[in-house]
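Protein chains: 2
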Amino acid sequence: MRYSQLLIPTVKEVPAEAEIASHQLMIRAGYIRKLASGTYTYLPLGWRSLKKIMAIVRQEMDAAGAQEVSMPILQPVELWQKTGRDVVFQDILCSFTDHRGRSNVLAPTAEEVVTSVAAAEISSYKQLPINLYQINTKFRDEFRPRFGVLRSREFIMKDAYSFDATAEALDESYRKMYDAYCRIFSRSGLKYVTVEAESGGMGGTDTEEFMVLCSAGEDTIVHNEDFSYAANIDRGEVDPPSTDDSLSARKESLEEPSELHTPDVGSIEAVCSLLHTTPAEMIKTLIYSADGEMIAALVRGDHEINESKLSRTAETEAIELADEAHIESATGARVGFAGPIGLAEKVSKMVVDHSVAAMAVGIAGANKTDYHVKNVVPGRDFPLEGANVLVGDIRNAVTVDTHNGQPVVFSKGIEVGHVFKLGTKYSKQLDCSFLDEDGDEKPCIMGCYGIGVNRILASAIELGNDESGCILPINIAPFEVEVLPLNNDDEAVVAEAERIYKALVAADIDVLIDDRSARPGVKFKDADLIGIPIRITVGQRGLKEGKVEIKLRTEAKPTLVAKDEAVALTVKTVAKLKQV
Amino acid sequence: MRYSQLLIPTVKEVPAEAEIASHQLMIRAGYIRKLASGTYTYLPLGWRSLKKIMAIVRQEMDAAGAQEVSMPILQPVELWQKTGRDVVFQDILCSFTDHRGRSNVLAPTAEEVVTSVAAAEISSYKQLPINLYQINTKFRDEFRPRFGVLRSREFIMKDAYSFDATAEALDESYRKMYDAYCRIFSRSGLKYVTVEAESGGMGGTDTEEFMVLCSAGEDTIVHNEDFSYAANIDRGEVDPPSTDDSLSARKESLEEPSELHTPDVGSIEAVCSLLHTTPAEMIKTLIYSADGEMIAALVRGDHEINESKLSRTAETEAIELADEAHIESATGARVGFAGPIGLAEKVSKMVVDHSVAAMAVGIAGANKTDYHVKNVVPGRDFPLEGANVLVGDIRNAVTVDTHNGQPVVFSKGIEVGHVFKLGTKYSKQLDCSFLDEDGDEKPCIMGCYGIGVNRILASAIELGNDESGCILPINIAPFEVEVLPLNNDDEAVVAEAERIYKALVAADIDVLIDDRSARPGVKFKDADLIGIPIRITVGQRGLKEGKVEIKLRTEAKPTLVAKDEAVALTVKTVAKLKQV
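In the order they appear, the protein sequences are chains A and B. Using this note's numbering, you'd call the opening residue of the first sequence number 17 and step up by one each time. Using this note's numbering, you'd call the opening residue of the second sequence number 17 and step up by one each time.
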């Protein structure tokens, strides 16, 4: 295509609102424009890239035996009420009430819809497995959209849903999707890792995320140095602290608990400051409510509670911090003074983090307004076992932790894909069942599999950029090759550039020619900014010697080649780069 | 692809809720499933067809020099307020208020967004012309969705927007789109006509619709027998009735108007019944409000007012029937008794249909509750000229009308495309301007061009079907060829069917093989229902003679061909059918 006939509005200045490289460069290179908070128009270059990504996704999904469908964006709220996800997702659901007063959810995902579609069509085990997917717009009412297309209110998602008759068959469907995702991200030129993840609002059991590691990522990954273990911090398990045998003996000899007057001093920091102690010596007590019951959670003062892990350990679904009134009625004290002594009898469950269980002694709230207690000995002054007491891993990993004995490290990542084994949660709720070989009715066993299409582009730019602009992988770049005639007033230069351009088009190369009558400096700057992988420069000086320049965007210097060899060489280079 | 691995849930029964052939067959052939009122899931077959249509649209738009982009579905309501279309479109706008209280319109079209995008990037005449298009989901809050995907609440639209520097350049952009549309519909296998249309809520001047003529169409087209003239009934002009010279003389000699007591008799039918007259002898007086002013419109009792034509003749934008209070204050009578005598002084404009002006005498309302007047002579008892009196064509055409002296006929049509010359309406309202060669700032001159992607499929099925199922044009059929082995337990049959299948795949033919172990009758029925254009049947009997059957879906009988020639012949037939 011709540069002069494309809307490529490049921008010199770094846009003030863009914090990260991909957001800045997608605007500067004329890929996107913001319409409103969290919504973007894709201009021709950005849209070409997205179309290439969608084509890769489609090819690999088809090759894996998934069938493409298209489901409505408008979903009746009644479907969401059936699964209870109108409540679970309420913070991010976009919903629209029509002129007839019916409430419609704008799809953030489509488990409910696909399960109701499948329920009507699946009757026998002979029809299974079925995997249905779509590439469609999704919506999230993000309160704070940011990082450009990485966290937006409207985005393109590939979502797939598998239906199987047995758990083994689900494993097979899941594996096929996992493998397809590996190919999709590799072909898109992304370096990625897979991590154990938390299923969150989706329900289900096993789930893994595909993460692109980069500083702009919003997710934190806990992993071993060699990635033999990697998990989202929501999920990442750490070893319990090692305790020496003398601990229990030492505990026995410690002083009895005694109250300390700490008026209006409720936060860990304030207590530490008043009592000249450190957060690591404090026991933090948090009161949660889950399914109408109260749950107490104890973590060390220097640790952060992890609600996903707490929820899993306590075996509850939706969990949230209790409100003031409930906290006060459970502890008998104002918020800030909850503590473990005597608490187990007052709540449904008490969940104690490993690190608290391993403390010899600590300071905690007294369950009495304006008082704390020192010399609190876990196991002596409050139970570490019992019918409603659980000890487990309920906090975020920190740098001194280990997993399987190896130190953990932390990386930031962008989630580009997510695969879930859902099990029968949705098929039971929405009556999606089949008759098995014995004629027994059983719920379909489901999996679901998502890819953030826009995020693939943004993360490719996070990984591939320099001070001059984007460096895009060839399979998802808007064009594979850019032909750049240096002097548009020189007939020989123009003729040779056009000859090369046309020969490349004829060879099925996706090529852009910068046919603008602009100064060479402008053309070079724009070429670097938009980030086409291969550039062929045709200039007067080179032509005199029968040569043109070929330069990879990833390399600093061009190579001079005979002009008659340029096309063949480029075709070969394109083929090589495309092979991943 | 293999039938056994595709979700093709065909249905024997005609679905009760589906009134027209395409709706019935799209459900029966497993192309679509209804999710809720006016929303449909496309299953694999339907989606394959839509993807083929979108590919044709994309190719022709690209070939015409348009650039593909993607604009958000969520549009800030503030943009719509700038053009006033939040009011004009309010009956069909879907809008969603987000958690921050911002109101978002779900795109029914994108003039506002594209103009604001272009406004930020266009500065000079050198950048023009620009034509930006997208293929994206659109929403209309239809109060009564019907006819399946023909009138739905969510649909796929190709919308394009051109920006030009001069009216001549717009003419050229418009012509390119018009030509591209002709190719798109031809390649999709549709017979269509183009008709003059009304711009409605879009604004602008010239506009034409691409119509597929069929009884299921919701639009009425007024045209000459030879289609030398064709227009949407909203727009279709008719010749004024011929009047003989004696009319005005005769009028003079008529009796004076006299009042008739018609208590509680307000409708045309009731008055006719009471007074033993016919609607053709009545003058119907309607009171409209437009831009805060009152407009009276007079049509014959047997004619239907056409609000689009009235609006154009009266040169007003939004026009609607006045409410009771306004009617009573303008006429001094209850609704049902408005009449032309003395009315011109009480309203801003009085618009008289040609046919009323041509009446010798008539009966009309008396502007007095419970009274009518007879012997009302147009031109004598109320004016046919004057500062605020207009005589024009403001009614729907009827069968006795003519256009340019030729009788008009009526056809039903489905609108599949619409092209508009918008002019500067949006560019002025949204500050989309450029500097011309002289450095003067001017608003861009715009056009817009829409195609209903789903409607192409539905109208193709309206045009192509029989009692057995769909008959799809090859370029938009889910598959080009279906291979049908008659006996799946006969190894020779299966082997030959597979050989043909694989040879066709290798020849780049889009082919489906019915590999199910089902009875031949079931396979034949399903094949006819889903409507693949070419069927190759492999059976025991034929094979004994070295033959297979090739049958076009459009033809009643198959042809027996030598099995070794089947592939080459099919490849040739596909190529021939694809050429349109």
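Every residue gets a Cβ at the ideal spot worked out from N, C-alpha and C, and that includes glycine.
> Listed from N- to C-terminal order along the chain, which residues in the stretch 77 to 106 of chain B have their beta-carbon within a distance smaller than 8 angstroms of any beta-carbon of chain A?
Replying inline: Contact residues of the stretch 77 to 106 of chain B toward chain A are GLY81, GLN83, GLU84, VAL85, SER86, MET87, PRO88, ILE89, LEU90, GLN91 and PRO92 (C-beta to C-beta distance below 8 angstroms).
> In its own chain, which residues sit with a C-beta less than 8 angstroms from the C-beta of SER274(A), not counting the 5 before and 5 after it?
Replying inline: Cβ within range, chain order: VAL389, LYS390 and ASN391.
> What are the boundary residues of the alpha helix (DSSP H) that LEU61(A) is part of?
Replying inline: Its alpha helix (DSSP H) spans residues 60 to 79.
> Counting only beta-carbon atoms, is ARG49(A) nearer than 9 angstroms to chain B?
Replying inline: Taking Cβ atoms only, chain B reaches closer than 9 angstroms to ARG49(A), which makes this a yes.
> Taking Cβ positions only, does SER132(A) come closer than 9 angstroms to chain B?
Replying inline: The beta-carbon of SER132(A) is placed less than 9 angstroms from the nearest beta-carbon of chain B.
> At a CB-CB cut-off below 7 angstroms, which residues of chain B make contact with LEU59(A)?
Replying inline: Neighbours of LEU59(A) on chain B, chain order: VAL85.
>> Considering only their Cβ atoms, is the gap separating GLU478(B) from ALA37(B) smaller than 9 angstroms?
In response: A Cβ-Cβ contact shorter than 9 angstroms links ALA37(B) with GLU478(B).
> If you draw a straight line from the C-alpha of ASP524(B) to the C-alpha of SER119(A), how long is it?
Replying inline: Cα to Cα, ASP524(B) sits roughly 46 angstroms from SER119(A).
> Just how far apart, CA to CA, sit VAL254(A) and TYR197(A)?
Replying inline: A direct Cα-Cα distance of roughly 28 angstroms separates VAL254(A) from TYR197(A).
> Going along the stretch 550 to 563 of chain B in order, which residues come within less than 8 angstroms of chain A, judged by CB to CB distance?
Replying inline: For the stretch 550 to 563 of chain B, which is checked against every Cβ of chain A, not one residue is closer than 8 angstroms.
>> Output needed for GLU271(B): all residues of its chain with C-beta closer than 6 angstroms, excluding positions within five of it in sequence on either side, in chain order.
In response: Taken in chain order, the residues that qualify are ASN391.
> Of all the CB atoms in chain B, is at least one closer than 9 angstroms to the CB of PRO25(A)?
Replying inline: At a cut-off of 9 angstroms between C-beta atoms, PRO25(A) counts as an interface residue with respect to chain B.
>> Counting only Cβ pairs nearer than 9 angstroms, list the residues of chain A close to ARG169(B).
In response: The answer, in chain order, is PRO88, LEU90, ASP114 and ASN120.
>> I'd like to confirm the pairing. Which residues does DSSP put opposite ASP180(B) in its beta bridges?
In response: Beta-bridge pairing by DSSP links ASP180(B) to ILE461(B).
> Which residues, taken in chain order from the stretch 145 to 162 of chain B, show a beta carbon closer than 9 angstroms to some beta carbon of chain A?
Replying inline: Contacts with chain A (Cβ-Cβ distance below 9 angstroms) from the stretch 145 to 162 of chain B involve ILE146, LEU148, GLN150, ASN152, THR153, PHE155, ASP157, GLU158 and PHE159, listed in chain order.
>> Less than 6 angstroms between C-beta atoms, sequence neighbours within five positions excluded: which residues of the same chain meet that for ARG251(B)?
In response: Taken in chain order, the residues that qualify are GLU212, ALA213 and GLU214.
> How would you call ALA511(B), buried or exposed, if buried means at least 16 neighbouring beta carbons within 10 angstroms?
Replying inline: Exposed, because fewer than 16 other Cβ atoms sit within 10 Å of the Cβ of ALA511(B).
>> If you follow the beta strand (DSSP E) that PHE436(B) is in, where does it begin and where does it stop?
In response: Start and end: 422 to 439.
> What are the complete beta strand (DSSP E) segments, minimum 3 residues, inside the stretch 98 to 138 of chain B?
Replying inline: Correct list: 110 to 113 and 119 to 122.
> How big is the Cα-Cα spacing for LYS267(A) and VAL238(A)?
Replying inline: LYS267(A) and VAL238(A) have their C-alpha atoms spaced approximately 33 angstroms apart.
>> Output needed for VAL583(B): all residues of its chain with C-beta closer than 8 angstroms, excluding positions within five of it in sequence on either side, in chain order.
In response: Counting only residues of its own chain and dropping the five nearest sequence neighbours on each side, VAL583(B) has a CB closer than 8 angstroms to the CB of ILE516, ALA519, LEU520 and ALA523.
> Per DSSP, what kind of secondary structure is SER289(B) in: helix, strand or coil?
Replying inline: Three-state result, SER289(B): helix.
> In chain A, which residues lie less than 8 angstroms from TYR56(B) when you measure between Cβ atoms?
Replying inline: Within chain A, the residues near TYR56(B) are PRO88.
> When the distance is taken between beta carbons, is PHE436(A) closer than 9 angstroms to CYS460(A)?
Replying inline: No. Outside cutoff.
> Does GLN143(B) come within less than 9 angstroms of chain A when only Cβ atoms are used?
Replying inline: Cβ-Cβ to chain A under 9 angstroms: yes for GLN143(B).
> To the nearest whole angstrom, what separates the beta carbons of GLU151(A) and ILE172(A), a pair I think is in contact under 8 angstroms?
Replying inline: First, the amino acid is wrong: residue 151(A) is Ile here, not Glu. Confirmed, Cβ separation roughly 6 angstroms.
>> Quick check: LEU41(A) and GLY547(A), are their CB atoms within less than 9 angstroms of each other?
In response: Contact: yes.
>> By the DSSP assignment, the beta strand (DSSP E) with GLN150(A) in it spans what residues?
In response: Unbroken beta strand (DSSP E) run through GLN150(A): 146 to 155.
> Counting along the chain, where does the beta strand (DSSP E) carrying PHE54(B) start and finish?
Replying inline: Residue 54(B) is actually Gly in this sequence, not Phe. Segment: none, GLY54(B) is in no beta strand (DSSP E) and carries neither H nor E.
>> Suppose the cutoff is 7 angstroms on Cβ atoms and the five residues either side in sequence are ignored; what does the same chain contact list for GLU336(B) look like?
In response: Closer than 7 angstroms at Cβ, skipping near neighbours: TYR304 and SER305.
>> Across the stretch 283 to 300 of chain B and the stretch 329 to 348 of chain B, are there enough close Cβ pairs to call them in contact, namely three or more that are closer than 8 angstroms?
In response: With the cut-off at 8 angstroms, the stretch 283 to 300 of chain B and the stretch 329 to 348 of chain B do not touch.
>> Residues in the same chain with beta-carbon distance under 8 angstroms from MET87(A), minus the five sequence neighbours each way, listed in chain order, please.
In response: The beta carbon of MET87(A) sits closer than 8 angstroms to the beta carbons of ALA123, ALA126, VAL129, VAL130, VAL133, GLN150 and ASN152 from its chain, once the five residues preceding and following it are set aside; these are given in chain order.
> What are the boundary residues of the alpha helix (DSSP H) that includes PRO536(B)?
Replying inline: Start and end: 536 to 546.
> Would CYS448(B) count as contacting chain A if we go by Cβ distances under 9 angstroms?
Replying inline: By this cut-off, CYS448(B) is not an interface position.
>> Taking the alpha carbon of ASP235(A) as the reference point, which residue from ILE487(A), ASP409(A) and ASN248(A) has its own alpha carbon closest?
In response: Closest by alpha carbon: ASN248(A).
> Among GLY466(A), LEU22(A) and THR182(A), which one has its Cα closest to the Cα of VAL85(B)?
Replying inline: Measuring from the Cα of VAL85(B), the nearest candidate turns out to be LEU22(A).
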